[in-house]
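Working notes, beginning with the structure itself.
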Amino acid sequence: EYNPLWRENVRLARTIRRWETRLREYEARLAELRRIGWARLRRRERTEYRDLLYRLIPRARERLEELREAQEKVIAELWRITEELTPIRDEIDSLEDRIKAAQRKISRKVVVQLKRIEMNLYIIVDEGVKTYRKRRKSLATARKHGKYVTVTVKYPKGRFQSWIEIDSWVIPETGAVLWELEPTYTLIKRYVIPHVNDEFGEEFHLLPFTPESFTIGETSTILGDEDLGKPPIKVKVERTVEDVKPYHTIKKPWERTVNEEILTQEAYNRIVSAYPHYVEELRRLGKWRGE
1174 EYNPLWRENV RLARTIRRWE TRLREYEARL AELRRIGWAR LRRRERTEYR DLLYRLIPRA
1234 RERLEELREA QEKVIAELWR ITEELTPIRD EIDSLEDRIK AAQRKISRKV VVQLKRIEMN
1294 LYIIVDEGVK TYRKRRKSLA TARKHGKYVT VTVKYPKGRF QSWIEIDSWV IPETGAVLWE
1354 LEPTYTLIKR YVIPHVNDEF GEEFHLLPFT PESFTIGETS TILGDEDLGK PPIKVKVERT
1414 VEDVKPYHTI KKPWERTVNE EILTQEAYNR IVSAYPHYVE ELRRLGKWRG E
């Protein structure tokens, strides 16, 4: 998908240069005829003058505008694909690390148990701004100023943190939470983090962060077994403001209790059905909440 777009971008750039050269030639010839003066122009030159003024130059300008708009679309798509590929490469590296870690644990024959835990996810943001390109909604404005506008978003400083309850495999001897094992890993990356991003976006206008940007499970607590088999619950979202400087706009810490299930029980059952070892353990414990 990337290579055809790149070739199209190169083709458009070359075509734009050709039309720019042609337009400069048209405008130079028109300026030359104007210097001679209408009264002194021959009949053929007057025809050429009208042709340049009313047909060739307007058509060249219109064609250039179309080509530049097409190039803007191609460049925007190239940027989108590039941004998509970066987390995929990071995800591959992360998966390889997880496989190696899991293999080491399996080789040691570690006994694990399924538990309900409370754990945190957080990112640390330095106050600043982030700039990105956004497509205009108004067609009239887009025609006048271009289809894309540069948007600048101000970020407050702080540690943005969410607390969740979720099922996870645990090493009973040490109390270590193995959140990188399935289905906990997929639930956090694909379902929990998007909800957390939405919360941060609504409250502080933060653009979504990639799953790799979050520190996961630095603090965790093993809970009782009564909620095993339930969907993940977003307990609360908070922002702490240690070492905030006087000129920062938002100085007070913020916290909101949510206690909201991220998925319905039916949707949760469909997702975790892809992990038979988890479902079998829930059935053994009498905590499977499906049919």
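Numbers given in the working numbering equal positions in the sequence shown, counted from 1, plus 1173.
From the three backbone atoms N, C-alpha and C, an ideal C-beta is built for every residue, glycine too.
Using the Cβ count rule (16 or more neighbours within 10 Å means buried), how would you classify E1464? exposed
Original post:
What is the DSSP secondary structure of D1400, reduced to helix, strand or coil?
Top reply: coil
Name the DSSP beta bridge partners of D1340, please? R1289
C-alpha gap between R1191 and R1197, whole angstroms:
Distance between R1191 and R1197, taken at the CA atoms: about 10 Å.
For this session: Give me the Cα-Cα distance between V1284 and E1391, rounded to the nearest whole angstrom.
Result: Our two residues, V1284 and E1391, have alpha carbons roughly 22 Å apart in a direct line.
Would you check if the distance between the CB atom of R1457 and the CB atom of K1403 is smaller than 8 Å? no
*Can you tell which of K1310, T1394, W1352, F1377 has the C-alpha that lies nearest to the C-alpha of L1274?*
First, the residue type needs correcting, since residue 1274 is Ala and not Leu in the sequence shown. Selected option, being the one with the closest Cα: W1352.
Pull up the distance between the alpha-carbon of L1268 and that of Y1358, whole angstroms please. 11 Å
Q) Three-state secondary structure (DSSP) at G1348? A) In this structure, G1348 counts as coil in the three-state DSSP scheme.
* To do: Using only alpha-carbon positions, find the residue among R1219, S1446, L1240, R1262 that is nearest to T1188.
  => The shortest C-alpha separation from T1188 is found at L1240.
Fill in: Start-to-end residues for the beta strand (DSSP E) that takes in V1412
Note that residue 1412 corresponds to Arg in the displayed sequence, not to Val. 1406 to 1413 is the extent of the beta strand (DSSP E) around R1412.
Query raised in the report: Comparing alpha-carbon positions, which option in R1208, R1213, Q1244 lies nearest E1181?
Result: Q1244
**Message:** Pairs of beta-carbons, one from the region 1193 to 1209 and one from the region 1255 to 1263, closer than 8 Å: are there three or more?
**Reply:** The region 1193 to 1209 makes no contact with the region 1255 to 1263: fewer than 3 CB pairs, one atom from each, lie closer than 8 Å.
May I ask you to report which of helix, strand or coil DSSP gives G1374? helix
Inspect the beta-carbon positions of W1427 and R1443 and report whether they are closer than 8 Å.
no
Helix or strand or just coil, what does DSSP make of K1273? helix
Taking the straight line between their C-alpha atoms, what separation do you get for V1229 and A1204? With the sequence shown as reference, residue 1229 is identified as Leu, and Val is not the correct amino acid for it. Approximately 14 Å between the Cα atoms of the pair.
Here's a check: name, in chain order, each residue in its chain whose Cβ is nearer than 8 Å to the Cβ of L1401, leaving out the five neighbours to either side. The answer, listed in chain order, is L1287, K1288, R1289, D1340, L1455, L1458, K1460.
Can you pull the DSSP bridge partners for S1393? M1292
*Could you tell me which of V1369, K1362, D1371, I1406 sits nearest to E1385, measuring between CA atoms?*
K1362
Taking the alpha carbon of F1387 as the point to measure from, which residue in F1373, E1346, K1320, T1347 has its own alpha carbon closest? Here the closest residue by C-alpha is F1373.
| Secondary structure at R1215, three-state DSSP: helix, strand or coil? | coil
| query | Taking Cβ positions, are K1407 and I1435 nearer each other than 8 Å? | reply | yes
Requested in this report: Look up T1437 in the DSSP assignment and say whether it is helix, strand or coil.
Outcome: coil
Would you report the Cα separation of R1208 and A1186, rounded to the nearest angstrom? Using only the alpha carbons, I get a separation of about 33 Å.
| request: Please name the residue in S1446, V1410, E1439, L1380 whose C-alpha comes closest to that of T1430. | output: V1410
Q | Start and end residues, alpha helix (DSSP H) containing E1453 | A | It spans 1449 to 1458 - the alpha helix (DSSP H) in which E1453 sits, taken as one unbroken run.
- Which residue's Cα is closest to the Cα of I1366: E1355, F1382, E1375? F1382
Q: Classify V1183 as helix, strand or coil using the three-state DSSP reduction.
A: helix
Pairwise C-alpha distance: W1342 and E1376 = 33 Å
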